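In our numbering, the protein residues as written are 1 to 349.
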């Protein structure tokens with residue numbers, strides 16, 4: 001199940017991972033109580049000394065028609081840490097590149113592009129919710145008074161390789177254009193649009209940009225980096241979007257790696273079936289990461305800007321074992337543990 005949030009920002013002044021040996025691979029995690037964490041995110045003092053407030057947070061569950069479909073083949077991570085993340089030397093100091101775990105690139109049988117129909121279903125299901133959010137919350141007068149709205153800048157955080165991000169951007173462009181047509185006089189031109197596709201540094205941007213529609217109505221650019229960091233200048237975005245990405249937390253909770261901790265999660269890649277302490281460790285990490293994400297976007301969005309988030313969630317009224325996503329992750333974890341045991345057995349020979 002997915003949850004939808006539309007968040008408006010106002011200012012008074014203009015994933016989890018799996019450890020295998022030395023390698024750490026990310027995997028999606030379900031979130032409980034996510035609305036609670038977001039609702040508590042209130043006024044704060046920004047680094048630019050401009051107080052920001054989250055004035056509207058709405059969470060809606062999506063009854064996706066794809067809810068009972070298979071997630072498809074497991075996505076393989078095309079990264080070799082030893083080869084792809086070699087440190088560089090600068091001023092006699094060793095500087096390590098940031099960790100990057102991108103989805104499988106290209107458009108082959110095992111690519112993310114060919115195995116993400118479930119995520120596409122979430123975008124399809126959210127179309128009407130995005131339309132409602134833009135119609136009711138995107139205040140063009142406030143935007144015009146606080147910033148330049150030409151070009152109108154949109155960013156997708158966690159775009160991967162497409163085609164899902166292209167569908168999402170098309171939906172957003174259409175509803176924003178309709179908003180301008182309905183509120184602005186016919187003599188005023190609709191602004192140009194600039195779309196930023198953002199994902200981790202090892203994301204396959206080549207496949208994404210080769211897939212761009214030739215007759216698109218926007219200027220496209222790629223922005224590489226973690227969305228848990230600042231990626232754009234202060235007050236530069238009008239619309240921020242993210243789908244099926246915020247379920248990936250920034251790092252493993254330290255407690256689950258400590259064999260002396262009650263949260264020690266040996267033999268599992270997920271909190272499903274684990275102790276209460278394991279669940280609490282993941283919950284705390286997610287809450288911390290979500291706050292970091294929102295703080296960064298609060299700096300980047302203009303006054304009156306809008307943000308829409310689609311996040312895989314697990315309702316509190318359901319047990320983890322009753323959900324399709326967590327059952328599949330539990331099965332995947334069992335397979336990976338069997339593979340790890342096979343590797344250890346081979347090394348002993």
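All residues carry an ideal CB built from backbone N, CA and C; glycine is no exception. Please read these numbers as outputs of a predicted model, since none were measured by experiment.
Beta-carbon spacing of residue i, residue j below 8 Å
i: residue 278; j: residue 298; result: no
i: residue 243; j: residue 310; result: yes
i: residue 246; j: residue 293; result: yes
i: residue 159; j: residue 197; result: yes
i: residue 235; j: residue 147; result: yes
i: residue 302; j: residue 143; result: yes
i: residue 237; j: residue 155; result: yes
i: residue 249; j: residue 286; result: yes
i: residue 204; j: residue 106; result: yes
i: residue 308; j: residue 241; result: yes
Top-ranked residue by Cα proximity to residue i, from the options
i: residue 213; options: 163, 154, 316 and 337; result: 163
i: residue 104; options: 291, 199 and 315; result: 199
i: residue 282; options: 305, 296, 252 and 308; result: 252
i: residue 215; options: 176, 256, 157 and 170; result: 170
i: residue 133; options: 340, 206, 115 and 305; result: 305
i: residue 139; options: 107, 183 and 250; result: 183
i: residue 370; options: 296, 335, 274 and 343; result: No statement about residue 370 is possible, as the shown extent of the chain runs from 1 to 349 and does not include it.
i: residue 239; options: 254, 259 and 151; result: 151
i: residue 157; options: 112, 195, 314 and 313; result: 195
i: residue 131; options: 232, 177 and 284; result: 177
i: residue 168; options: 119, 339 and 315; result: 119
i: residue 99; options: 109, 180, 201 and 339; result: 201
i: residue 207; options: 315, 312, 316 and 108; result: 108
i: residue 300; options: 219, 153 and 274; result: 153
Nonlocal neighbours in the same chain, by C-beta distance under 8 Å from residue i, ignoring five residues either side
i: residue 280; result: 263
i: residue 258; result: 264
i: residue 179; result: 134, 135, 138 and 140
i: residue 284; result: 253
i: residue 79; result: Because residue 79 sits at a pLDDT of 32, beneath the cut-off of 50, its placement in the model cannot be relied upon, and the point is left open.
i: residue 181; result: 190
i: residue 219; result: 151, 192, 193, 194 and 195
Neighbourhood of residue i by C-beta, 6 Å cutoff - its chain only, sequence neighbours within 5 removed
i: residue 261; result: 255
i: residue 72; result: Confidence is the limiting factor: at residue 72 the pLDDT is only 34, short of 50, which leaves the residue's position unreliable, though a coordinate-based value still follows. For residue 72, where only same-chain residues beyond five positions count, the Cβ hits under 6 Å are 115.
i: residue 149; result: 143 and 191
i: residue 276; result: none
Cβ neighbours of residue i in the same chain (closer than 7 Å, five flanking residues each side left out)
i: residue 112; result: 75, 103, 104, 160 and 161
i: residue 217; result: 173 and 193
i: residue 334; result: none
i: residue 211; result: 162, 163 and 166
i: residue 274; result: 265 and 268
i: residue 175; result: 130, 131 and 134
i: residue 345; result: none
Residue i beta carbon near the ligand ZN (any heavy atom closer than 7 Å)
i: residue 154; result: Because no ligand of any kind appears in the structure shown, any question about the ligand ZN cannot be addressed here.
**Message:** Runs of 3 residues minimum, wholly inside the stretch 237 to 322: which ones carry the beta strand (DSSP E) assignment?
**Reply:** Taking only runs of at least 3 residues, the beta strand (DSSP E) segments lying wholly in the stretch 237 to 322 are 237 to 243 and 301 to 312.
**Asked** Within the chosen definition, does the stretch 265 to 284 reach the stretch 187 to 196 through at least 3 CB pairs nearer than 8 Å?
**Response** Segments in contact, no.
**Message:** Under 8 Å, with one C-beta from each stretch per pair, do the stretch 111 to 130 and the stretch 221 to 234 reach the 3-pair mark?
**Reply:** Taking a cut-off of 8 Å on C-beta distances, the stretch 111 to 130 does not touch the stretch 221 to 234, as fewer than three cross pairs fall below it.
**Item:** Complete runs of the beta strand (DSSP E) confined to the stretch 103 to 164 [at least 3 residues]
**Value:** List check, beta strand (DSSP E) in window: 152 to 157.
**alpha helix (DSSP H) runs contained entirely in the stretch 191 to 237, provided each spans 4 or more residues** = Those alpha helix (DSSP H) runs which fall completely within the stretch 191 to 237 and span 4+ residues are 205 to 210.
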